[in-house]
Structures are given as structure tokens and as C-alpha cells.
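A.B. asks:
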Amino acid sequence: MTFGVLGSTCTPERLAALHEAGVSVVELPIAWDRYQPEAGQVDRDYVAEVRERLNNCRQADMGMVLSPGLHYPPDWVRDLPDGQLRGNAGGVPRNAGAELIFSADVRNAAQKYLARVVSDLGFEGITAIRVGTNASGELGYPGPGDGGNEREFWAFGDAPQYGIGLPEGVAPSPMPGWVPGTRSWNGKPVTDEQVQRWWDWYTGSAVDAVTWQISELRTLGYQGSVHVPVAGRGVLPTDKSEAIKGRLDGRANPDGAQERGLDYSEQFTALATMPGVDVDFTGLDDVSDVKARAAEPRQDQCLSTDDENVLQQDVSAWSSHRYTTALARRAGLGLVGENPGPPDAPFTGGSPLSHNLAEQLQTAPRYAKECGMTMFLFGFEENLFEEKGRTGKGATVEDYKEVIRQLQAATSF
Numbered sequence: 000m001t002f003g004v005l006g007s008t009c010t011p012e013r014l015a016a017l018h019e020a021g022v023s024v025v026e027l028p029i030a031w032d033r034y035q036p037e038a039g040q041v042d043r044d045y046v047a048e049v050r051e052r053l054n055n056c057r058q059a060d061m062g063m064v065l066s067p068g069l070h071y072p073p074d075w076v077r078d079l080p081d082g083q084l085r086g087n088a089g090g091v092p093r094n095a096g097a098e099l100i101f102s103a104d105v106r107n108a109a110q111k112y113l114a115r116v117v118s119d120l121g122f123e124g125i126t127a128i129r130v131g132t133n134a135s136g137e138l139g140y141p142g143p144g145d146g147g148n149e150r151e152f153w154a155f156g157d158a159p160q161y162g163i164g165l166p167e168g169v170a171p172s173p174m175p176g177w178v179p180g181t182r183s184w185n186g187k188p189v190t191d192e193q194v195q196r197w198w199d200w201y202t203g204s205a206v207d208a209v210t211w212q213i214s215e216l217r218t219l220g221y222q223g224s225v226h227v228p229v230a231g232r233g234v235l236p237t238d239k240s241e242a243i244k245g246r247l248d249g250r251a252n253p254d255g256a257q258e259r260g261l262d263y264s265e266q267f268t269a270l271a272t273m274p275g276v277d278v279d280f281t282g283l284d285d286v287s288d289v290k291a292r293a294a295e296p297r298q299d300q301c302l303s304t305d306d307e308n309v310l311q312q313d314v315s316a317w318s319s320h321r322y323t324t325a326l327a328r329r330a331g332l333g334l335v336g337e338n339p340g341p342p343d344a345p346f347t348g349g350s351p352l353s354h355n356l357a358e359q360l361q362t363a364p365r366y367a368k369e370c371g372m373t374m375f376l377f378g379f380e381e382n383l384f385e386e387k388g389r390t391g392k393g394a395t396v397e398d399y400k401e402v403i404r405q406l407q408a409a410t411s412f
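If you count by numbering that gives the first Met the number 0, then the sequence shown holds residues 0 to 412, one letter each, in order.
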């Protein structure tokens, strides 16, 4: 298993310390809004800064997972026709990635941006590229903390509803005007089959935006691995069945996965049609792991038989990473993972039950190895170099070095 860090600065001093600890790959994040602050214009100073970080990593023989930063779109992209998602209650997410799901104009702008990044940076030293659709760069629509109104589904602009400005190959809503939770459409009762068809369209449109990005990268000449970050466990099969019967009215929706359009059992099957794709689980040792580990018997450990009949058995007590790992294996996808990061940071979804960074460092890499993941990325590089890491609640480079040493020496857990 390869060990890495998220959010690398690629400074020579840190790269040397990380390399000495056993780290061989870093995530290099860039931001679209800084790269192209104005339409048709590139911030040359920012590009020079990115190139310097890239070259530092190359000189240090450090592999890189490139995050192109499509989840940080500039304002001019948001101002394009249907440049922002629209909710069924009229909301617009305050925080959202580029609207790659239903806007042909945004996809066109994103394609030009990716081509420019490839031209400027090349692929040397790039071991993987991350692709996603929401504000966190993960698969899915905006989450509960991304703005809009409570329980909004995000497919109600002119493009998804009426087909105006849709990307080629993307279908409009099979029930234009129908709002989840309502019992009729065009004056007639809504059937289970119609709701199922709408759900398949909603979730399928989200994963289509990811496969489109992968196709664009392949067209640009990239042949390496692609990481698709995913959070949580999505909608469980039993919950989906109940939700369909309830017309998506909010039942069987414990963590907002319905609005985010997360149907991993189907979406992973679609991702598996693309070569070189790895699911990147972003919550190793999240709150679901804390709860599942305390269960009797414990439900946080990946087993070799988990993918057998995973859709037919009761998995409600499983941790998110165990269930998601089983689905990825079932689909034949590769797996990488990362811990959530500091539990007090708003973007990690932490809670009073969350483990601190020191505990995450002890537990998350072991989950990754146990589940057969090929790479573990610690979140975040900055935290490993903070002085507060020595209080016992954080983590240091030396702590990470010891964990790597132990995992490389061990054969099982």
C-alpha cells in the first residue's frame, strides 16, 4: 500500500520530511477560480506557483495526485447559462462545484480549462487525477451544508427540466415539473415505476458528469489512474425501496443521501465501464466507524465475503467504509482511502463522537490496508507540521512514520 498526504504545499523541506517518513505520493490541489479568474484569461503568477510546486515534487521523486479544482469554479462560469444548479424550492447552493451535470456551456468551459492545465503542466509524475461534481470534489449533488432550502433536490433549472442547453447525451427529466414528495403528476397519481425512473435519471446524471470528465482526460492523453472521491454510504437498498414507495418525501433518508443523489450500487457499476478508475473513500474512521466499532459484534471491519450478496443482506449497522468497499469490490473497481481530517473543521462533517487526528492516524490507515486499498492519503499535510500536533490530539510526521513502519512490517490485523 502507498502512503500519502492531502493538500500538499510541495515545499522542499516538507517533501524531504515526508519522504523520510515513508510517504511517496502527495495530493496537489489547484483551483479553477485562481487559474482562470476571467473568461479567456490565465493568472500567470498562479500558474507559475503551481508549476513550482509541481517541479519541487518531481525533483523529490514524489508522486502526485492532481486535483484540478473544478469544484472551485470562477464567478464567470457560475454566470453562464444554467451555470448554477437550481433546487425544487427555488434555491441556489451557496457552495457548489462547477455545474457539470446539466450545463453544456459549463462543460465546454471546463473542457477548455482542463486542456489548458494539461498544456501547462503535463502528466509527468502524475499518478492519479481526482474528479467529482460537488463542492467537496466528490460524486453527487450539493449536500445539506452547501446552501439552498431544506431537502432540495438539484435538478430544476431550464436545462434538466426542459432540455434547454443540456450537454450532448444527457437526457432531460422524465417527468418535467414533478417535485419529489408530491403524489401526482399531470393530474394523475404517480406510480412506483415513474418515481424509480426519475430517481435513476437523477442519480445517473450525476455519475454521467464524472464519466464525462474521465473521457475528456483520456482524450487529452491521460492514461493513468482516476480517483473518484465518495463520502458516506449513499442510499441503502432497503432505504431506497421505502423512499420510492414514499415518493421521495423524506422518509428513509437519515443523512441526506437522496438529495445528493448517491446511489452507489448503481453508480459504481457505471464507473466500472471506464478503465483505470479507483473509488476514493474520504471518511476512513468517520463517525460511522466509531459507532460500528462499538457494536456487538463490531461492524467496522472489511471481510473478504462482504461483497457477496451485499445488496441482499442487512448492512444498516456496517460502517460507511465497509459498505462502500463491498460495493466497489462487487463492481470491480480499485480502492483508495483517506481519513476525514480535523473533526472541528466544517468541511469534515465532524461531531462530538468523532475521533481526533491522533486517533484517526492510528485507525484509518489500518482500515485502508484491511480493506485492500492500494493507497492511503492522510488529511492533511498542514496538520502534520502544526505545533499543536504534539498535544496528543493531533498528529506529527514522526507519528505517521511510525504508523507506516508498523503497517509495512505487518501482514494482517
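Built from N, CA and C at the ideal position, the CB exists for glycine as well.
Considering only the alpha carbon of each residue, which of 246, 114, 70 and 329 lies closest to residue 208?
C.D. replies: Closest option to residue 208, Cα to Cα, is 70.
A.B. asks: From the DSSP secondary-structure annotation, give me the bridge partner or partners of residue 184.
C.D. replies: According to DSSP, residue 184 bridges with 187.
A.B. asks: Just to check my reading of the structure: residue 262 and residue 231 have Cβ atoms closer than 8 Å, yes? What is that Cβ distance to the nearest angstrom?
C.D. replies: Contact doesn't hold; Cβ gap of about 12 Å is too wide.
A.B. asks: Determine whether the beta carbon atoms of residue 286 and residue 350 lie at a separation below 8 Å.
C.D. replies: Yes, they are a contact pair.
A.B. asks: Here's the rule: buried if 16 or more other CB atoms are within 10 angstroms of the residue's CB, otherwise exposed. What is residue 140?
C.D. replies: Buried, since its Cβ has 16 or more Cβ neighbours within 10 Å.
A.B. asks: How would you call residue 86, buried or exposed, if buried means at least 16 neighbouring beta carbons within 10 angstroms?
C.D. replies: Classification for residue 86: buried.
A.B. asks: Write down the C-beta distance between residue 267 and residue 205 rounded to the nearest angstrom, noting that I regard them as a contact closer than 8 Å.
C.D. replies: At roughly 13 Å, the Cβ-Cβ gap does not stay under 8 Å, so residue 267 and residue 205 are not in contact.
A.B. asks: Have a look at the DSSP bridge pairing and note the partners of residue 25.
C.D. replies: Answer is 4 and 63, bridged to residue 25.
A.B. asks: So what does residue 334 bridge to, in DSSP terms?
C.D. replies: Paired residue(s): 278.
A.B. asks: How would you call residue 212, buried or exposed, if buried means at least 16 neighbouring beta carbons within 10 angstroms?
C.D. replies: Its Cβ being crowded by 16 or more others within 10 Å, residue 212 is buried.
A.B. asks: Give every residue of the same chain whose Cβ lies closer than 8 Å to the Cβ of residue 246, excluding the five residues on either side of it in the sequence, and list them in chain order.
C.D. replies: The answer, listed in chain order, is 179, 180, 181, 182, 189 and 194.
A.B. asks: Please say whether residue 103 and residue 165 have beta carbons closer to each other than 8 Å?
C.D. replies: Yes; because the gap between Cβ atoms is below 8 Å, this pair is in contact.
A.B. asks: Who are the Cβ neighbours of residue 173 in its own chain at under 8 Å, not counting the five residues just before and after it?
C.D. replies: Correct list, in chain order: 193, 196, 197 and 200.
A.B. asks: Mind checking which residues open and close the alpha helix (DSSP H) that includes residue 14?
C.D. replies: Counting along the chain, the alpha helix (DSSP H) containing residue 14 begins and ends at 11 to 20.
A.B. asks: Helix, strand or coil: how does DSSP classify residue 413 here?
C.D. replies: Because the chain here runs from 0 to 412, residue 413 falls outside it and cannot be looked at.
A.B. asks: Give me the Cα-Cα distance between residue 4 and residue 244, rounded to the nearest whole angstrom.
C.D. replies: Taking the straight line from one Cα to the other gives about 43 Å.
A.B. asks: What first and last residue would you give for the alpha helix (DSSP H) that runs through residue 264?
C.D. replies: Taken as a continuous stretch (DSSP letters only), the alpha helix (DSSP H) holding residue 264 covers 263 to 270.
A.B. asks: In this structure, what does DSSP give as the bridge partners for residue 228?
C.D. replies: DSSP output for residue 228 lists 279 as bridge partner(s).
A.B. asks: Looking at C-alpha atoms only, which residue of 271, 130 and 283 is the closest neighbour of residue 363?
C.D. replies: The option with the nearest alpha carbon to residue 363 is 283.
A.B. asks: Considering only their Cβ atoms, is the gap separating residue 144 from residue 228 smaller than 8 Å?
C.D. replies: Result no, Cβ atoms of residue 228 and residue 144 do not sit closer than 8 Å.
A.B. asks: In chain order, what residues of the same chain have a beta carbon less than 7 Å from the beta carbon of residue 137, not counting five sequence neighbours either side?
C.D. replies: 131, 228, 229, 230 and 281.
A.B. asks: Mark residue 218 as exposed unless 16 or more other C-beta atoms lie within 10 angstroms of its C-beta, in which case mark it buried.
C.D. replies: By the neighbour-count rule (16 or more Cβ atoms within 10 Å), residue 218 is not buried but exposed.
A.B. asks: Helix, strand or coil for residue 159, going by three-state DSSP, please let me know.
C.D. replies: The answer is helix: DSSP assigns residue 159 an H, G or I state.
A.B. asks: Looking only at its own chain, which residues have a Cβ that is under 8 Å from the Cβ of residue 390, when we skip the five neighbours before and after it?
C.D. replies: For residue 390, the predicted model reports a pLDDT of 47, less than 50, meaning its position is unreliable; a value from the coordinates is still stated below. Closer than 8 Å at the Cβ level, and outside the excluded window around residue 390, lies no residue.
A.B. asks: In the DSSP assignment, the beta strand (DSSP E) including residue 376 goes from what residue to what residue?
C.D. replies: Here the beta strand (DSSP E) through residue 376 covers 374 to 377.
A.B. asks: Contact defined as beta carbons within less than 8 Å: I believe residue 258 pairs with residue 150. What is the distance between those atoms, to the nearest angstrom?
C.D. replies: Yes, they are in contact, since the Cβ atoms of residue 258 and residue 150 sit about 6 Å apart, within 8 Å.
A.B. asks: What separation, rounded to the nearest whole angstrom, lies between the Cα atoms of residue 326 and residue 278?
C.D. replies: Cα-Cα distance, rounded: 10 Å.
A.B. asks: Are the stretch 103 to 120 and the stretch 31 to 51 touching, with three or more C-beta to C-beta distances below 8 Å?
C.D. replies: Flag = yes, the stretch 103 to 120 and the stretch 31 to 51 touch.
A.B. asks: Pairs of beta-carbons, one from the stretch 294 to 309 and one from the stretch 335 to 344, closer than 8 Å: are there three or more?
C.D. replies: Because the criterion of three Cβ pairs below 8 Å is not met, the stretch 294 to 309 and the stretch 335 to 344 do not touch.
A.B. asks: Can you tell me which of the three DSSP states residue 37 falls into?
C.D. replies: Looking at residue 37 - three-state DSSP - the assignment turns out to be strand.
A.B. asks: Cβ of residue 84 within 8 Å of Cβ of residue 98?
C.D. replies: In this structure, residue 98 lies closer than 8 Å to residue 84 by Cβ.
A.B. asks: Take residue 88 as the anchor and find which of 353, 404 and 153 has the nearest alpha-carbon.
C.D. replies: The option with the nearest alpha carbon to residue 88 is 153.
A.B. asks: Please classify residue 380: is it buried, with 16 or more other beta-carbons within 10 angstroms of its beta-carbon, or exposed?
C.D. replies: Residue 380 comes out buried.
A.B. asks: Nearest CA to the CA of residue 147: which residue from 128, 186, 93 and 288?
C.D. replies: With distances taken between Cα atoms, residue 147 lies closest to 93.
A.B. asks: Looking at the structure shown, is residue 146 part of a helix, part of a strand, or coil, going by DSSP?
C.D. replies: It is a strand residue.
A.B. asks: Residue 372: which of 43, 406, 292 and 54 sits nearest, CA to CA?
C.D. replies: Of the listed residues, the one whose Cα sits closest to residue 372 is 406.
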